[in-house]
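Visitor: Position in the sequence shown counted from 1, then plus 1456, gives you this note's numbering.
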Amino acid sequence: MSMLKNCNLLKKSLDIKSATMLAKIGAERGIMLSGMTRGQRQADFSNQNLQPADAILIASDLIFIAVVTTLYLGNNSIGDEGAIAIAEAMKVNAVLTELSLWYNNIGDEGAIAIAEALKVNSVLTTLRLDANKIGPEGAMVIAEALKVNVVVTELRLDHNDIGDEGAKAIAEALKVNAVLTNLSLLHNNIGDDGAKAIAEALKVNVVLTELFLWGNDIGDDGAKVIAEALKVNAVVTTLHLNSNNIGNEGAKVISEALKVNAVLTKLELDYNSIGDDGAKAIAEALKVNAVLTSLHLYGNKIGAAGAIAIAEALMVNAVLTKLYLLYNSMGDAGGKAVRDAVKGRSGFVLEL
């Protein structure tokens, strides 16, 4: 043991007690237990069916390894026990900047541990916790950590069923957080109340530039409050509102926001329920908007009349360079009108 400096004990079917004992010995004697080397900067343990005991061994190495900046542990089964071990390492590790823990059966206990680590960690900038089992309670403790954390710039909490209550907590954190620029909350059962809370936060937040809200239950009412926020928000450049049951009314209020918003460059409204009236409203906004460069309208209910209105807007709009209209019902006449409108535009990306 005195000569051993590196070994790989992962996937040896260890129990948590044995892994904890080995981790203690490894830390005391400077022995690497996960197969990582002292000069390694990136470690990818994704898709290896790792268990909590394996995460404990990896965490032991992170405590004294001085160069690993990126750690991928996605699509394993480390659970709460593994997350707790990784969180303890985060409290003392001084170099890890990117941590991926997606799809790992991490619940509220693991989220609490990670949140506590975020309060003291001063280097981690990117954290992926998507596709776990965190829920509203876990989202709340992470939100509290975001109020004091001064380094995390990208956070993914997709597919965690945080609901309105979790979204409200995150929104409160956004009001005071001064560093988070990229937030993903895809498929979290966020409804109107959660959308309203996030919208209120966007009115005062001055750093968030990209917001993912795909696959929630925002609807027209939620779209309205987000649109109001966009009228005053001066930093969000990319907004993803795909698959949210947004119809013509929601499209209309978003269009009104586009007429005055001066920073949003990419807007995704794919797979909603926007028809011709909503498309016509968007077209009117395109006539005056001077910043939007990418517009996604896949899989809506836009017919020939809506497509022709968009085509007319493209004749005067000089900034849009990407337009996605696949899976609508615009027919030959609508498709031809749009194609003709952008004919000759070098580099224009059009999908019909």
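Note that the Cβ used here is the ideal one computed from N, Cα and C, for glycine as well.
1. Within 10 Å of its beta-carbon, does G1790 have 16 or more other beta-carbons around it, so buried, or fewer, so exposed?
2. Rounded to the nearest angstrom, what separates G1731 and I1738 at their Cα positions?
3. Taking N1588 as the reference, which of T1582, L1574, A1569, G1563 has the closest Cα?
4. Out of curiosity, what's the CA-to-CA distance linking G1671 and H1643?
5. Answer yes or no: do G1703 and G1678 have a C-beta to C-beta separation smaller than 8 Å?
6. Please name the residue in T1526, V1579, K1687, D1796 whose C-alpha comes closest to that of V1635.
7. What span of residues does the beta strand (DSSP E) with D1732 cover, start to end?
8. If you compare alpha carbons, which of A1595, L1466, V1688 is closest to V1716?
9. Quick check on DSSP: helix, strand or coil for L1555?
10. Helix, strand or coil for M1457 per DSSP?
11. May I have the straight-line CA-CA distance separating K1468 from A1511, to the nearest angstrom?
12. Straight-line CA distance for N1560 to L1658?
13. DSSP three-state label for L1686, please.
14. Kindly give me the distance between the Cβ atoms of E1610 and N1638, rounded to whole angstroms, as I take these residues to be in contact under 8 Å.
Guide: The structure says:
1. buried
2. 11 Å
3. G1563
4. 5 Å
5. no
6. V1579
7. Note, D1732: premise wrong, no beta strand (DSSP E); alpha helix (DSSP H) at 1732-1742.
8. V1688
9. strand
10. Confidence at M1457 is low in this model, with a pLDDT of 44, below 50, so its placement is unreliable and no value can be given for it.
11. 12 Å
12. 30 Å
13. helix
14. 4 Å
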